[in-house]
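Convert by adding 506 to the 1-based position in the sequence shown; the result is the number in this note's numbering. Don't be surprised by glycine CBs; every beta carbon is placed ideally from N, CA and C. Treat the numbers as computed from the prediction; the structure is a model and nothing was measured.
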Amino acid sequence: MFDIQEELKKLPGKPGVYLMHDEKDEIIYVGKAISLKNRVRQYFQSSRNKGPKIEQMVTKIARFEYIITDSELEALVLECNLIKEHRPKYNTMLMDDKTYPYIKVTVKEGYPRVLFSRQMKKDKSKYYGPYTSAGAVKDTIELIRKIYKLRSCNRNLPKDIGKERPCLNYHIKQCDAPCQGYISEEAYAEKVKKVTEFLNGNFDPVLKELEEKMLEASENMEFEQAIEYRELIGSVKQIAQKQKISNSDGEDKDIIAMACDKEDAVVQVFFVREGRLIGRDHFYLRIAPEEKTSEILSSFVKQFYAGTPFVPKELMLQTEIEDADVISEWLSNRKGQKVYLRVPKIGQKEKLVELAAKNAQLVLSQDKEKIKREEGRTIGAAKEIASWLGLSHIYRMEAFDISNISGFENVGSMVVYEHGKPKRSDYRKFKIKGVSGPDDYACMEEVLKRRFQHGMDDQENENVTSFAKFPDLIMMDGGKGQVNIALKVLNELGVNIPVCGMVKDDKHRTRGLYFENQEIPIDRGSEGFRLITRIQDEAHRFAIEYHRSLRTKEQVHSILDDIEGIGPARRKALMKAFQSLDEMKAADVETLAEVPSMNRSAAEKVYEFFHKINDIKGEEDR
507 MFDIQEELKK
517 LPGKPGVYLM
527 HDEKDEIIYV
537 GKAISLKNRV
547 RQYFQSSRNK
557 GPKIEQMVTK
567 IARFEYIITD
577 SELEALVLEC
587 NLIKEHRPKY
597 NTMLMDDKTY
607 PYIKVTVKEG
617 YPRVLFSRQM
627 KKDKSKYYGP
637 YTSAGAVKDT
647 IELIRKIYKL
657 RSCNRNLPKD
667 IGKERPCLNY
677 HIKQCDAPCQ
687 GYISEEAYAE
697 KVKKVTEFLN
707 GNFDPVLKEL
717 EEKMLEASEN
727 MEFEQAIEYR
737 ELIGSVKQIA
747 QKQKISNSDG
757 EDKDIIAMAC
767 DKEDAVVQVF
777 FVREGRLIGR
787 DHFYLRIAPE
797 EKTSEILSSF
807 VKQFYAGTPF
817 VPKELMLQTE
827 IEDADVISEW
837 LSNRKGQKVY
847 LRVPKIGQKE
857 KLVELAAKNA
867 QLVLSQDKEK
877 IKREEGRTIG
887 AAKEIASWLG
897 LSHIYRMEAF
907 DISNISGFEN
917 VGSMVVYEHG
927 KPKRSDYRKF
937 KIKGVSGPDD
947 YACMEEVLKR
957 RFQHGMDDQE
967 NENVTSFAKF
977 PDLIMMDGGK
987 GQVNIALKVL
997 NELGVNIPVC
1007 GMVKDDKHRT
1017 RGLYFENQEI
1027 PIDRGSEGFR
1037 LITRIQDEAH
1047 RFAIEYHRSL
1057 RTKEQVHSIL
1067 DDIEGIGPAR
1077 RKALMKAFQS
1087 LDEMKAADVE
1097 TLAEVPSMNR
1107 SAAEKVYEFF
1117 HKINDIKGEE
1127 DR
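This is the structure in structure tokens:
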């Protein structure tokens, strides 16, 4: 038994991170401290004014744990990571996780490519961004390919030059076909250089070049070509126009301000890159009514910049934030140079912050009703289902379904909903191993045993996986029979989780819920009913999709797949080298070994396989 008062006495006076757990052992709060001893004790001192949110949280704490770090900075980094991983209920949370697109130029390749990317990796490529519009990035990449005719394929060049025919882009004059050696590496590199200049904002040479080509095409009576150049000029001018100058210092900075109303807050961020305002974005947060602006902005900065690969040189904030010095040090370490957190008081910068705050207020007032409607569809619907079943709350729901055709390729699906929203990263597929024939009950029993046994093993070994998280409610696609199978499995494993069945009518539409040996009628016009329907449809869709993929694989099965040591690459090479299976069967070991990607060992296995088949057929004929 965890004795909180005894454990408080053991707390060290060192920096670190503390995690508060509820009676279900879920993490409900993560915090950092310079002194764990002083900070954690404060939560359990009745004399302190903690505020309604903390007061409520303290009543839910069943136990706490802590991780010691060497410094407050290390504690900050760990706190950010743990909040992102566990999304605790009582932490101020970003309601959406956004990643921004980049333009990636693979400059270390022989023939570099221009690609769309959502991550900035240490792969020696050049990255431009981040941009706020994925559509604008794709348009820019398309424009670059049209102007400079760079390749978009993933062929390994120059190694694979001449091995395959040029693709469609060459024939429509959007690629110079380096895969055929039609352009030298030096000439191609010159084009890449112009691309990097273009992405750095130097548009004038491009516009001049396009205008010259347009005039030349017009003089040569090539009017269709001239029109194409004119359209490209318009596209470049449009991109250049979007790069609106906001200040003249040429620095990278983010301008951050917020507006709040009771439990809702919106943070507005203006993105300034190289002195240009390239875009803006807003973020929704769930807050407590008494939370200060400084606390909310501090939580936002930590969560947002823990998840984005780009850190600007300066953050201009609406107000001073908590732990500003530590956050500045953390961001500086991430960027590799000093990052400044400033609160402008006068001048142009102060006006920009004020403008961001006005935009945040506008978004909050306009979208508040939309947010409430979305919450009704998700969190509100989950609460409605919980009330029908007499449960205190439902955070995580897991739904299961089986798919097969007359017992062929039996598969199971598990879909997961948290806060009424699908969590697709936790979806799982099960290929049935121990059941042959169309026995849905036996298939479901196997799926549930595998899922929860895996989860129990992960919990025992303290592995943080999606299987280690158990649901608050299991939803079966079916009625009494399916529910009883689930209860049987849970009872055998010693797991106590409520189970309900999603019952359908004669027209295969959701009718109600089967729970504790009775069918519960539900309001078909309610959000809870609509959520049940979505969950049921999603579980069925996911199972069907997996079943179809297995059927497709079975239908395209090649006899070569049955030969040990022959994978997709060797199979493709053999099929390319020989016109037919009969020709392959007639080949000797030496001929087979000469095929690209083959070796003598693999050649001998192919030879033995076909001659074994021939021997068997000969025996049958006799």
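Cβ neighbours of residue i in the same chain (closer than 6 Å, five flanking residues each side left out)
i       : result
Leu621  : Lys610
Tyr633  : Tyr608, Lys610 and Met626
Ile1072 : Leu1066
Arg848  : Met822
Gly522  : Leu542, Tyr572, Ile573, Ile574, Thr575 and Ala581
Arg547  : Leu514
Ala1109 : Val1095, Leu1098 and Ala1099
Lys929  : Val922
Ile991  : Tyr947, Met950 and Glu951
Residues of its chain near residue i, where Cβ-Cβ distance is below 7 Å and the 5 sequence neighbours each way are ignored
i       : result
Ser754  : Low confidence applies to Ser754: its pLDDT is 44, below 50, so where it sits in the model is not reliable enough to give any reading.
Pro850  : Met822, Glu856 and Val859
Cys949  : Ile908, Asn916, Gly918, Ile938 and Val941
Gly913  : At Gly913, the pLDDT of 48 sits below 50, so the modelled position is not reliable and the matter cannot be decided from this model.
Val817  : Tyr811, Leu837, Arg840, Lys841 and Val845
Leu870  : Ala765, Asp767, Asp770 and Val772
Leu1080 : Leu1066, Met1090 and Val1101
Ile540  : Pro521 and Glu578
Ser1032 : Glu890
Ile900  : Ala888, Ile891, Ala892, Asp978 and Leu979
Heavy atom of the ligand ADP within 7 Å of residue i beta-carbon
i      : result
Gln809 : For the ligand ADP, the structure offers nothing, since it holds no ligand at all.
Start and end residues, alpha helix (DSSP H) containing residue i
i       : result
Phe958  : Asp946 to Glu966
His677  : Leu674 to His677
Ser623  : Here Ser623 belongs to no alpha helix (DSSP H); instead the beta strand (DSSP E) covers Val620 to Ser623.
Ile609  : Counting along the chain, Ile609 falls outside any alpha helix (DSSP H), though it belongs to the beta strand (DSSP E) covering Tyr608 to Val611.
Val698  : Glu691 to Leu705
Ala1093 : Ala1093 -> no alpha helix (DSSP H), and no H or E assigned at all.
Gln511  : Ile510 to Lys515
Leu713  : Asp710 to Glu725
Glu890  : Ile885 to Leu895
Ala1079 : Pro1074 to Ala1083
Backbone secondary structure at residue i - three-state DSSP
i       : result
Lys748  : Low per-residue confidence applies at Lys748: pLDDT is 49, beneath 50, and the placement is therefore not dependable enough to give any value.
Cys454  : As shown, the chain starts at 507 and ends at 1128. That puts residue 454 outside it, with no answer to give.
His1046 : helix
Met982  : strand
His527  : strand
Gly740  : helix
Arg657  : coil
Arg671  : coil
Gly522  : strand
Arg1040 : helix
Arg593  : coil
Arg1106 : helix
Arg879  : helix
Arg1054 : helix
Val1062 : Any reading at Val1062 is ruled out, since the residue's pLDDT is 45, under 50, leaving its predicted position unreliable.
Tyr1113 : helix
Cross-strand partners of residue i (DSSP beta bridge)
i       : result
Met1008 : Leu1019
Ile1130 : Past the edges of the chain, shown from 507 to 1128, lies residue 1130, and the structure says nothing about it.
Gln1024 : Phe1021
Ala763  : Gln774
Tyr923  : Met903 and Pro928
Arg934  : Met920
Arg651  : None; Arg651 has no bridge partner.
Arg1030 : In the DSSP output, where bridge partners are listed per residue, Arg1030 has none listed.
Chain-order list of residues whose beta-carbon lies under 8 Å from that of residue i (same chain, five-residue window excluded)
i       : result
Asn544  : Gly519
Ile1069 : Lys1111, Val1112 and Phe1115
Phe958  : Phe976, Val995, Leu996, Leu999 and Val1001
Met962  : Leu999 and Val1001
The beta strand (DSSP E) enclosing residue i, as first and last residue numbers
i      : result
Tyr633 : Lys632 to Tyr634
message: Runs of 4 residues minimum, wholly inside the segment 532 to 587: which ones carry the alpha helix (DSSP H) assignment?
response: 542 to 548 and 558 to 566
query: What are the complete beta strand (DSSP E) segments, minimum 3 residues, inside the segment 786 to 826?
result: 820 to 823
query: Of all the beta strand (DSSP E) runs that stay within the bounds of the segment 826 to 851, which reach a length of 3 or more residues?
result: 846 to 848
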